[in-house]
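Read the structure below first, then the notes.
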Ligand SMILES: NC(=O)c1ccc[n+]([C@@H]2O[C@H](COP(=O)([O-])OP(=O)(O)OC[C@H]3O[C@@H](n4cnc5c(N)ncnc54)[C@H](OP(=O)(O)O)[C@@H]3O)[C@@H](O)[C@H]2O)c1
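Numbering (my numbering), first residue to last: 264 to 587.
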């Protein structure tokens with residue numbers, strides 16, 4: 264099969280190469296999927312660059328451990344392991360192998376059955392490929408970490424990117440009053456996703472909305488969280504989801520100190536795909552409660568360009584690779 268090889272850390276346009284690779288074979292609880300579309304996301308460029316350095320403890324200290332790049336995909340099941348119960352040959356499925364060996368930027372990918380789900384009938388391969396990383400993160404961040412409730416005032420900073428777009432839709436679905444923070448050019452886009460209020464961060468600082476938000480989901484955390492927490496209500500929650508490594512480390516080390524019993528809390532989380540959440544996001548897509556906006560597409564052999572584009576941090580929605 265053809266695949267995008269990742270044999271060194273660095274610039275995605277330089278270190279990713281398009282070449283032949285052995286077709287993977289599924290283990291007892293895996294499926295083998297003929298990939299029709301894949302998606303590039305922020306996690307991909309971190310893994311391809313090998314940054315932040317601590318990520319290399321998971322992905323290979325000096326050279327990448329997983330030789331074929333890519334995490335999100337959609338396609339058709341070609342073969343199943345002996346103990347697979349979640350899919351059959353011929354099913355249209357989507358999945359995320361970011362924590363289970365990578366390999367989605369290829370004509371075939373092997374995936375454990377827990378990190379796939381069936382694609383709803385009206386959803387295309389390209390839309391489905393762009394779903395899992397963003398939707399699982401948004402779902403687990405809002406529901407499990409942010410403890411979202413109907414009527415809460417929720418602010419999403421970084422609302423127009425892959426994860427932010429899903430958070431806006433899901434927060435509205437959960438019945439929250441949603442404030443989306445993005446640049447002015449994306450204001451109409453996030454309103455269309457369900458945001459009730461929009462703040463243009465290039466002209467207005469939401470941190471000055473003192474005591475306003477029950478929940479702040481920070482997907483673009485590029486400044487100290489201590490500057491932002493005054494915008495929370497007295498019992499509000501700040502959730503670091505993505506952004507700068509410096510802010511992330513401060514939240515991990517000092518966040519607990521700011522979390523008072525019965526008062527404000529500061530949290531950090533890493534999303535982890537599981538079968539139940541995969542089925543839930545497939546169902547939400549089936550209902551039309553969530554959908555993906557695809558900003559740009561590249562063919563598989565130009566995966567490096569797609570990942571480099573995502574790395575610029577300006578994607579509206581998602582970027583997709585067409586494979587077959
Ligand atoms: N915790 C987890 O488990 C988890 C899981 C997935 C992803 N993440 C992290 O979440 C972050 C976002 O991922 P993503 O896939 O959504 O990235 P993305 O699609 O690349 O985000 C791009 C968006 O960010 C917006 N943005 C850039 N700078 C901003 C700023 N200063 N203020 C507000 N918005 C800004 C841009 O909007 P404008 O063009 O309008 O500026 C653009 O629409 C990444 O850091 C990623 O590593 C974390």
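Just so you know, even glycine gets a beta-carbon here, dropped at the ideal spot from N, CA and C.
Nearest candidate by alpha-carbon position, reference residue i, set the options
i	options	result
residue 449	266, 314, 579 and 313	579
residue 348	336, 375 and 368	375
residue 302	293, 338, 462 and 274	338
residue 270	553, 329 and 524	329
residue 501	408, 311 and 565	408
residue 366	267, 548, 531 and 547	267
residue 447	430, 421, 518 and 283	421
residue 361	383, 307 and 546	307
residue 576	309, 277 and 461	309
residue 468	567, 445, 394 and 453	445
Proximity test, residue i beta-carbon vs ligand 3 heavy atom, cut-off 7 Å
i	result
residue 545	Only ligand 1 can be found as ligands here, which leaves ligand 3 out of the picture.
Where residue i falls: helix, strand or coil (DSSP)
i	result
residue 513	helix
residue 451	helix
residue 375	strand
residue 541	helix
residue 564	helix
residue 505	coil
residue 281	strand
residue 418	strand
residue 394	coil
residue 286	coil
residue 495	strand
residue 532	coil
residue 411	coil
residue 331	strand
residue 213	There is simply no residue 213 to check, as the chain begins at 264 and stops at 587 in what is shown.
residue 569	helix
Contacting residues, own chain, Cβ-Cβ under 6 Å from residue i (five flanking each side not counted)
i	result
residue 319	313
residue 562	585
residue 425	304, 397 and 581
residue 484	503, 506 and 510
residue 493	473
residue 427	419, 421 and 482
residue 430	401, 419 and 480
residue 547	553
residue 265	370
residue 496	474 and 477
Bridge partner(s) assigned by DSSP for residue i
i	result
residue 357	337 and 380
residue 558	None; residue 558 has no bridge partner.
residue 581	557
residue 500	478 and 528
residue 269	279
Neighbourhood of residue i by C-beta, 7 Å cutoff - its chain only, sequence neighbours within 5 removed
i	result
residue 438	413 and 414
residue 558	578, 579, 580, 581 and 582
residue 435	441 and 457
residue 537	377
Residue i at chain D interface by Cβ criterion, 8 Å
i	result
residue 479	The displayed structure is made up of one protein chain only, and chain D is not part of it.
Sequence-distant residues of its chain with Cβ nearer than 8 Å to residue i (five each side left out)
i	result
residue 352	340, 341, 342 and 343
**Request:** Would you mind listing the beta strand (DSSP E) stretches within the region 420–484 that are 3+ residues and don't spill past its ends, in chain order?
**Result:** If we require 3 residues or more, the beta strand (DSSP E) runs fully inside the region 420–484 come out as 440–445, 460–463 and 476–481.
**Request:** Just list the alpha helix (DSSP H) runs in the region 291–323, keeping only unbroken ones of 4 residues or longer that don't cross its boundaries, in chain order.
**Result:** 305–312 and 319–322
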